[in-house]
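First up is the structure itself, then whatever we jot down about it.
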Amino acid sequence: MAERDYGKTFLRVKCADCGSEQIVYHRPSTTVKCGVCGSTLATPTGGKASFGKHEVVGAVS
0 MAERDYGKTF
10 LRVKCADCGS
20 EQIVYHRPST
30 TVKCGVCGST
40 LATPTGGKAS
50 FGKHEVVGAV
60 S
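This is the structure in structure tokens:
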């Protein structure tokens, strides 16, 4: 999967398990979990987050 550069600090991420959307910081220092089902949405990588199977819908302005 190609990494996208949205140029924004907050991204709207859609959970692949339950379909809910959550706003996530693009460089989190801790693991971010879905507020509905508890699935891991974003994992810190020492830089930009890894979103795994979850879809980044877009940047939040």
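Each step along the sequence shown adds one to the number in numbering that gives the first Met the number 0, with nothing skipped, and position 34 is 33.
Cβ coordinates follow ideal geometry from the N, Cα and C atoms, glycine included.
Simplified DSSP assignment, three categories, for residue i
i, result
"residue 23", "strand"
"residue 41", "strand"
"residue 61", "Only positions 0 to 60 of the chain appear in the structure, and residue 61 is not among them; the question remains open."
"residue 47", "coil"
"residue 59", "coil"
"residue 12", "strand"
"residue 52", "coil"
Candidates the options: closest to residue i by CA position
i, options, result
"residue 36", "59, 12, 13, 17", "17"
"residue 15", "27, 38, 24, 49", "38"
Cutoff 8 Å; reference residue i; Cβ partners in own chain excluding five residues on either side
i, result
"residue 22", "9, 10, 11, 12, 59"
"residue 19", "13, 33, 34, 35, 36"
Backbone CA spacing between residue i and residue j [nearest angstrom]
i, j, result
"residue 47", "residue 31", "13 Å"
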